[in-house]
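Colleague: Take a look at the following structure, please.
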Amino acid sequence: MRVVSGIQPTGNLHLGNYLGAIKQWVAMQDAMGADDVCLFFLADLHAISLPVVPSELANATVEMTATLLACGIDPERSILFNQTRVPAHSELAWLLNGTARMGWLNRMTQWKDKAGKNREGSSVALFDYPVLQAADVLLYQATHVPVGEDQKQHLELARDIATKFNLDYGTELFTLPEPFVSKAAPRIMSLRDGGAKMSKSDPSDLSRINLIDSDDTIVSKIKKAKSDADVLPSDVAGLDGRPEAKNLVTIYAALADIAPADVVAQFGGQGFGQFKPALADLAVAKLGPIRNRLTRLLDDRAAVAGALERGAEKARSLAAPTLRAAQQAIGLQV
Ligand code: TYM
């Protein structure tokens, strides 16, 4: 098993990232056998598809790395690095640009959402973003890619690019990566709007729980979370058409590692006045220890940066043979 996944070092890591992706990263790392390799990286090159503040980007990368360490990523067992330090990501992305089709990229929902009506004014990187993402996973012959549901389309594109490259150049070089979308939390929604995904870019901080939030902030965000006036149903089918209630039950279930059916079996018939304090207690119990580890890690940023540097060295040596084989398959003079 080759596990590869990434996260952009912009903003804070929030509960959607944690339950949708990072919890799976840690579980896969912890279940890893002797022949398996896990690679997790900070997608700092993806971050430049939208405007960045140069004085903040390097800091944000170290802080996001510290958050991953606090969540349980162990740099002794997993290879943890930032994309910039492994130039093969950019080099392979360019080679794959020869294979990817404009029409494929034009169909990407993230491109359509993020560019909106401003396609002409968007960066080329925003359009080409999924090709770099394909390079990220194909470079390491990834078999398993744990991601939230919003990234599934990008992974399907990576499979299409790999298939066309193999066919066009008559090679079997690239392994087709399999997206692994969390069953428990494929798409955690905003606390303020059950129709929108929880996201770093939502202007309202009340829409998300950040892993750096204090216990009091977590409690108050859950208290203010949008809900409805009804009691919780006693079976999950009763959550249909109640997106906010469904989201809060999903969060409870994912944090407690139980099924949503068990949550409604326990809380069915109770209103949010009772359920929200129970959810807040659970969130504080699960997230508090992560925040405490994070705070300690941020006291020694040099150590965190050092872990990234060692990870990049290992990633570079794993990436080199695939990049070279791709260059040779194309007939480049290497
Ligand atoms: P990013 O940084 O937006 O998010 C990191 C991970 O968190 C998941 N996620 C969610 N899951 C459930 N509910 C949510 N509300 C939620 N919000 C975010 C994302 O699906 C993702 O798994 N393009 C990627 C980074 C990337 C990558 C890759 C991922 C670059 N190269 C190669 C996998 C493989 C991104 O921007 O994720």
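Position 272, counted from 1, in the sequence shown is what UniProt numbering calls 272; the numbers after and before it change by one each time, with no gaps.
Quick reminder that beta carbons are idealized off the backbone N, C-alpha and C, glycines included.
With hydrogens ignored, establish whether the beta-carbon of V4 is closer than 7 Å to any heavy atom of the ligand TYM.
Modeller: Within the cutoff, so yes.
Colleague: Looking at the structure shown, is N59 part of a helix, part of a strand, or coil, going by DSSP?
Modeller: It is helical.
Colleague: Please determine, among F127, R77, L255, the residue with the shortest C-alpha to C-alpha distance to I48.
Modeller: Per the Cα distances, F127.
Colleague: I need the straight-line Cα distance from V236 to G194, nearest angstrom please.
Modeller: Approximately 16 Å, taken between the alpha carbons.
Colleague: For L95, which beta-bridge partners are listed by DSSP?
Modeller: The partner list for L95 (beta bridge, DSSP) is empty, contrary to what the question assumes.
Colleague: Just the Cα atoms here: how many angstroms apart are L96 and A125?
Modeller: Taking the straight line joining both Cα atoms gives about 14 Å.
Colleague: Distance check for L191 and residue 337, CA to CA, integer angstroms please.
Modeller: With the chain running from 1 to 334 in the structure shown, residue 337 is simply not present.
Colleague: Taking the alpha-carbon positions, what's the A320 to D216 distance?
Modeller: About 47 Å.
Colleague: What do you get for A34, buried or exposed, if any count of 16 or more other CB atoms within 10 angstroms of its CB means buried?
Modeller: Result: exposed.
Colleague: Short check: CB of L39 to CB of V4, under 8 Å?
Modeller: Contact: yes.
Colleague: So what's E172 in DSSP terms, helix, strand or just coil?
Modeller: In the structure shown, E172 sits in coil (DSSP, three-state: anything other than H, G, I, E or B).
Colleague: Have a look at P277 and T322 and give me their C-alpha separation to the nearest angstrom.
Modeller: C-alpha separation (whole angstroms): 51 Å.
Colleague: Tell me whether R187, by its Cβ, gets closer than 7 Å to a heavy atom of the ligand TYM.
Modeller: True, at least one ligand heavy atom lies under 7 Å from that Cβ.
Colleague: Pick helix, strand or coil for N82, following the three-state DSSP scheme.
Modeller: Of the three classes helix, strand and coil, the one that applies to N82 here is strand, per DSSP.
Colleague: Could you give the first and the last residue of the continuous beta strand (DSSP E) run that contains G6?
Modeller: It spans 2-7 - the beta strand (DSSP E) in which G6 sits, taken as one unbroken run.
Colleague: Looking at P233: is its Cβ nearer than 8 Å to the Cβ of G273?
Modeller: Contact flag unset, no.
Colleague: With a 10 Å radius around its C-beta and 16 neighbouring C-beta atoms as the bar for buried, classify A70 as buried or exposed.
Modeller: Classification of A70: buried, given that the 10 Å Cβ count is 16 or more.
Colleague: Report yes if the CB atom of A134 is closer than 8 Å to the CB atom of I161, and no otherwise.
Modeller: Yes, Cβ-Cβ distance for A134 and I161 is below 8 Å.
Colleague: Looking at the unbroken beta strand (DSSP E) that takes in L39, where does it start and where does it end?
Modeller: Counting along the chain, the beta strand (DSSP E) containing L39 begins and ends at 37-42.
Colleague: Would you give the residue range spanned by the beta strand (DSSP E) that E309 belongs to?
Modeller: First-last for E309: 301-330, but that is the alpha helix (DSSP H), not the beta strand (DSSP E).
Colleague: Quick one: Cα of Q151 to Cα of N17, how far?
Modeller: For Q151 and N17, the distance between alpha carbons rounds to 11 Å.
Colleague: Could you tell me the distance, in whole angstroms, from the CA atom of M189 to the CA atom of G20?
Modeller: If you take the alpha carbons of M189 and G20, they lie about 11 Å apart.
Colleague: Using 7 Å as the cut-off, classify the Cβ of G241 as near or not near the heavy atoms of the ligand TYM, replying yes or no.
Modeller: No, the Cβ of G241 stays beyond 7 Å of every heavy atom of the ligand TYM.
Colleague: For S227 and A245, what's the separation of their Cα atoms in angstroms?
Modeller: About 6 Å.
Colleague: Say the cut is 7 Å; is the CB of G311 nearer than that to a heavy atom of the ligand TYM?
Modeller: Because no heavy atom of the ligand TYM lies under 7 Å away, the Cβ of G311 does not count as near it: no.
Colleague: Can you tell me the Cα-Cα spacing of P51 and Y129, whole angstroms?
Modeller: Their backbone Cα atoms lie some 14 Å apart in a straight line.
Colleague: Whose CA, out of S55, I22, A60, lies closest to the CA of R301?
Modeller: Closest option to R301, Cα to Cα, is A60.
Colleague: Report buried or exposed for D113, applying the criterion of at least 16 other Cβ atoms within 10 angstroms of its Cβ.
Modeller: Exposed: under 16 other Cβ atoms inside 10 Å.
Colleague: Is any heavy atom of the ligand TYM found at a distance shorter than 7 Å from the C-beta of K223?
Modeller: Because no heavy atom of the ligand TYM lies under 7 Å away, the Cβ of K223 does not count as near it: no.
Colleague: Please give the ranges of any alpha helix (DSSP H) in the stretch 161-227, keeping only runs that are unbroken, at least 4 residues long and fully inside the region.
Modeller: Listed in chain order, they are 215-224.
Colleague: So who's on the other strand from P146, going by DSSP bridges?
Modeller: DSSP lists F180 as partners of P146.
Colleague: Spell out a yes or no on whether the stretch 240-257 and the stretch 278-285 are touching, meaning 3 or more CB-CB pairs, one atom from each, closer than 8 Å.
Modeller: Touching, yes.
Colleague: Look at L308 and T65 and say whether their C-beta atoms are less than 8 Å apart.
Modeller: Yes, they are a contact pair.
Colleague: Suppose contacts are defined by Cβ-Cβ distances below 8 Å. Is L132 in contact with G311 by that definition?
Modeller: Cβ atoms of L132 and G311: not closer than 8 Å.
Colleague: Please go through the same chain and pick out, in chain order, the residues whose beta-carbon is closer than 6 Å to the beta-carbon of A225, but skip the five residues on each side of it.
Modeller: Counting only Cβ-Cβ distances below 6 Å, and skipping sequence neighbours, we find L191.
Colleague: Using beta-carbon positions only, say whether I218 and L287 come within less than 8 Å of one another.
Modeller: Yes, the pair counts as a contact, with Cβ atoms nearer than the cut-off.
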